[in-house]
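> As you go down the protein sequences, you meet chains P and F in turn. Sequential numbering from 1428 applies to the first sequence in our numbering. Sequential numbering from 175 applies to the second sequence in our numbering. Even for Gly, the Cβ is constructed at its ideal location relative to N, Cα and C. Here's a structure for you.
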Amino acid sequence: MNSLLSGDFPRSRLLAAILLAILFGLAFAPFLFPGAQPLNVAAKICVFVVLVASYDLLLGYTGIVSFAHTMFYGIGGYGVSIALYSFGPEWGPMALGIIAALAVSVVLALMIGLLSLRVRAIFFAMITLAVASAFAVLASQLSWLTGGEDGRSYRVPEVLRPGFRLLEEPLFGVAITGKILSYYLVFSVALVLFLLALRIVNSPFGRVLQAIRENDFRAEALGYRVVVYRSIATCLSAGMATLAGVLMALWLRYTGPDTTLSFAIMIDILLMVVIGGMGTLYGAVIGAALFTLAQNYLQVLMAQVSEATAGIPLLPQLFHPDRWLLWLGVLFVLSVYFFPTGIVGRLRR
Amino acid sequence: MSIPALETRDLTIRFGGHVAVNAVSCAFHPGTLTAIVGPNGAGKTTYFNLISGQLRATAGEVLLRGRPMAGLPASARTKAGLGRAFQLTNLFPSLTVIENVRLAVQSRAGAGLDLRHMWSHRRDLIEAADRLLADVKLTERRDATAAALSHGDQRKLEVALLLALDPDVFMFDEPTAGMSVDEVPTVLDLIAGIKAKGNKTILLVEHKMDVVRSLADRIIVLHNGALVADGEPGAVIASPIVQQAYLGLEVAE
Ligand SMILES: Nc1ncnc2c1ncn2[C@@H]1O[C@H](COP(=O)(O)OP(=O)(O)O)[C@@H](O)[C@H]1O
Ligand SMILES: [Mg+2]
């Protein structure tokens, strides 16, 4: 257990309990919450845990502010999309697509890193923003390759398709379809990637990243070539985001600008990392779970409140499901105000 | 004479019109402790910054064992054997004391690029860090964050980081400034201990004349960025120019 978690324990009973509950919920999601919609939410949580954790590696551990994270996420998605669409729904092309996507991401990350990690943080952030916007425009204009604004649906290898049946008989009342296998693929890859990230931040290398975040000048003076460490962190984070994109593309069997490159996703990632707690990794789990649940169920909850308060002036309008974004914003402001170090930071006090 | 451990030739830096370090040429030999004195703003810290690579010289060169350091970043100079403690405390505030020291030990061991193992995997590095903490008498504060330390303890940690690098050339920039009287001897004893090894080169910026007199083999004086006196401690301190202009107050103490 120690080596699985790389010696980085939750260090709070309540936090450990919440994390275990999330792990348990995700591990048995198909059986605990049957139906397409809950499974969809669970898969999204898994993908976002990876995506947010990879962003935390950059922002929370290394102190690099980047807005290009969805670009790497998108590259993973498009890698799978292009490969499966062009060469058919087989594992071989898919592996090729994933490797190509990883290569493109790492090269881009390295270029961004070497070119701009030497400049001040604010310029770096702006450069990443510019590169990400350029990439989004490119993806929508190369429509022969990417499907443009509409994106593209494609078929995945047969065992991952909803029509596939692994077992003749349902298991605990749930038919074991390709969709469920697909979910467990997403879940287990996400779990492995998260544990890998936990190892990286708790390795000798990870401590150097934290040292750079705290005082890059002194890290350099101690003999650590800061630009090299930052570049490696950028590449690792980009690679992990790419794999998150791969998982999402496999799960949705669709890749388009809205599901990968949109700036709205970038903002979601930022919110999740801040709500969960920067520089903790466990914050990524809590942030992703909480935020995705809120995104999917806040409207339902509000509809109920709105109905329950019918007849009382103002309240029904205030809780009308169309106002859900407003309430999400309120929740965000409150959580940052009361938990400036995120939920994990708060629980660990 | 043997090849100097460290040498500067016409080392100069200009900030706009202001020449902060002005054509300083000086060689430092293994086994010697050189005190660098001069009034505040004389350019002592800037001279250090040029040597260790925090600032780029306008003109002149820095040579480490005869090898030019031009264009090398601070990290490469540290790897080449140049160690530096800072005048203004310069630590990793939210990391613990032991983590701070271990980072320095790990840099020296070249183990920073290990992503596969846990931080706790290298027992030897942690043990080395713990020994250094004992040396600077910080063992009790081992698991406190650097930010939580008193000023004096932070200065000691600063010294521990330099000791951890175990460089050929040690550069101390006012290591005892702001320390309480009973903490000063700990640091001075450590510096004397390095000197006793006999093969290390030590540069020490220090205002306290009694300290300088007891530790230094040689004193150089900087004023307005220029080297104005250089020699054996007794002679330099006694020289009229130093007596009057720069050290009057301290000598009178
Ligand atoms: N980065 C800088 N930009 C402009 N002026 C500087 C800079 N660093 C140092 N100086 C100036 O150089 C002079 C020497 O400063 P310093 O080396 O800190 O003196 P000392 O350490 O001897 O007290 C001072 O006048 C200081 O204002
Ligand atoms: Mg100074």
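Can you give me, in chain order, the residues of the region 287–300 of chain F that have a beta carbon less than 9 Å from any beta carbon in chain P?
Going along the region 287–300 of chain F in chain order, one finds L287, D288, L289, R290, H291, M292, W293, S294, H295, R296 and L299 with a Cβ nearer than 9 Å to chain P.
> What residues from chain F crowd round L1649 (chain P), counting only those whose CB sits closer than 8 Å?
Chain F residues near L1649 (chain P): S249, T252, L277, A278, S281, L335 and L339.
> Please tell me whether S1580 (chain P) has its Cβ less than 8 Å away from any Cβ of chain F.
Output row for S1580 (chain P): interface = no.
> Beta-carbon within less than 7 Å of L1708 (chain P)'s beta-carbon, same chain only, minus the 5 sequence neighbours each way: which residues are those?
Excluding positions up to five away in sequence, the list reads A1480, D1483, A1624, L1625 and V1628.
> Going by the CB atoms, is the gap between F1591 (chain P) and G1600 (chain P) shorter than 8 Å?
No, the pair does not count as a contact, with Cβ atoms beyond the cut-off.
> Does the Cβ-Cβ distance between L207 (chain F) and V343 (chain F) come in under 8 Å?
Taking 8 Å as the Cβ cut-off, L207 (chain F) and V343 (chain F) do not qualify as a contacting pair.
> For E1809 (chain P), tell me which candidate among F:A231, F:A233 and F:T252 has the shortest Cα-Cα distance.
Residue 1809 (chain P) is absent from the model: chain P starts at 1428 and stops at 1776.
> So, T270 (chain F) versus D317 (chain F), is the Cβ gap smaller than 8 Å?
It is a contact, given that the beta carbons lie within the stated cut-off.
> Closer than 8 Å, CB to CB, is I1702 (chain P) near chain F or not?
Not closer than 8 Å to any Cβ of chain F, the Cβ of I1702 (chain P) fails to qualify, so no.
> Quick one: Cα of I1526 (chain P) to Cα of N1429 (chain P), how far?
Distance between the alpha carbons of I1526 (chain P) and N1429 (chain P) is about 31 Å.
> Sorted by chain position, which residues of the same chain lie with C-beta nearer than 7 Å to S1580 (chain P)'s C-beta, five sequence neighbours on each side aside?
Counting only Cβ-Cβ distances below 7 Å, and skipping sequence neighbours, we find R1680 and Y1681.
> Examine ligand 1 and report whether any of its heavy atoms sits within less than 7 Å of the Cβ of L382 (chain F).
In the sequence as displayed, the identity of residue 382 (chain F) is Lys instead of Leu. Not under cutoff, so the answer is no.
> Among P:A1566, P:L1565 and P:G1540, which has the Cα closest to the Cα of I1554 (chain P)?
It is P:G1540 whose Cα lies nearest to the Cα of I1554 (chain P).
> Any beta-carbon of chain P closer than 8 Å to the one on L323 (chain F)?
By this cut-off, L323 (chain F) is not an interface position.
> Report yes if the CB atom of L364 (chain F) is closer than 8 Å to the CB atom of V310 (chain F), and no otherwise.
Yes, these two residues count as a Cβ contact at 8 Å.
> Is F1475 (chain P) buried or exposed, if buried means 16 or more other CB atoms sit within 10 Å of its CB?
F1475 (chain P) comes out buried.
> Nearer than 7 Å: is that true of the beta carbon of Q261 (chain F) relative to any heavy atom of ligand 4?
Annotation note on ligand 4: not contained in the displayed structure, which lists ligand 1 and ligand 2 as its ligands.
> Between A1668 (chain P) and chain F, is the shortest Cβ-Cβ distance under 8 Å, so that the two count as touching?
A1668 (chain P) does not count as touching chain F.
> Which complete alpha helix (DSSP H) runs does the region 308–373 of chain F hold, if anything under 4 residues is left out?
With a minimum length of 4 residues, the continuous alpha helix (DSSP H) runs that stay inside the region 308–373 of chain F are 325–339 and 358–370.
> Strictly under 8 Å for the Cβ-Cβ distance: is E273 (chain F) near chain P by that measure?
Yes, because at least one Cβ of chain P sits closer than 8 Å to the Cβ of E273 (chain F).
> From G1706 (chain P) to L1542 (chain P), what distance separates their C-alpha atoms?
Rounded to the nearest angstrom, the two C-alpha atoms are 25 Å apart.
> S226 (chain F) versus chain P: which residues are under 9 Å apart at the beta carbon?
Those within 9 Å of S226 (chain F) in chain P are A1648.
> How should W1518 (chain P) be labelled, buried or exposed, when 16 other C-beta atoms within 10 angstroms of its C-beta is the threshold for buried?
Per the 10 Å Cβ criterion, exposed.
> Is the beta carbon of K218 (chain F) within less than 7 Å of some heavy atom of ligand 2?
Under cutoff, so the answer is yes.
> In its own chain, which residues sit with a C-beta less than 7 Å from the C-beta of L1725 (chain P), not counting the 5 before and 5 after it?
Once the five neighbours on either side are set aside, the close Cβ partners of L1725 (chain P) are W1751, W1754 and L1755.
> Exposed or buried, what is N373 (chain F) when buried is set at 16 or more other beta-carbons lying within 10 Å of its beta-carbon?
Its Cβ having fewer than 16 others within 10 Å, N373 (chain F) is exposed.
> Comparing alpha-carbon positions, which option in F:G217, F:S249, F:L287 and F:D288 lies nearest Q261 (chain F)?
Taking only the C-alpha atoms, the option nearest Q261 (chain F) is F:G217.
> At a Cβ cut of 8 Å, what residues of the region 1665–1696 of chain P count as close to chain F, listed as they run along the chain?
Taking 8 Å as the Cβ-Cβ cut-off against chain F, none of the residues of the region 1665–1696 of chain P qualify.
> Just the C-alpha distance for R230 (chain F) and S249 (chain F), rounded to the nearest angstrom, thanks.
Approximately 14 Å between the Cα atoms of the pair.
> Are the region 1663–1681 of chain P and the region 1726–1744 of chain P touching by the rule of at least three beta carbon pairs closer than 8 Å?
Touching, no.
> With a threshold of 7 Å (Cβ to nearest heavy atom), would D347 (chain F) be considered close to ligand 2?
Yes; taking the cut-off as 7 Å, the Cβ of D347 (chain F) has a heavy atom of ligand 2 nearer than that.
> Determine, for R1775 (chain P), whether the minimum Cβ-Cβ distance to residues of chain F falls below 8 Å.
No, its Cβ sits nowhere closer than 8 Å to a Cβ of chain F.
> Compare the beta carbon distance of S226 (chain F) and L256 (chain F) with 8 Å and say whether it is the shorter of the two.
A contact, by the Cβ cut-off of 8 Å.
> Exposed or buried, what is Y1393 (chain P) when buried is set at 16 or more other beta-carbons lying within 10 Å of its beta-carbon?
With chain P represented from 1428 up to 1776, any question about residue 1393 (chain P) goes unanswered, as that position is not in the structure.
> What separation, rounded to the nearest whole angstrom, lies between the Cα atoms of F1550 (chain P) and V1712 (chain P)?
One C-alpha to the other measures close to 30 Å.
> Would the beta-carbon of L1728 (chain P) fall within 8 Å of that of V1468 (chain P)?
No; because the gap between Cβ atoms is not below 8 Å, this pair is not in contact.
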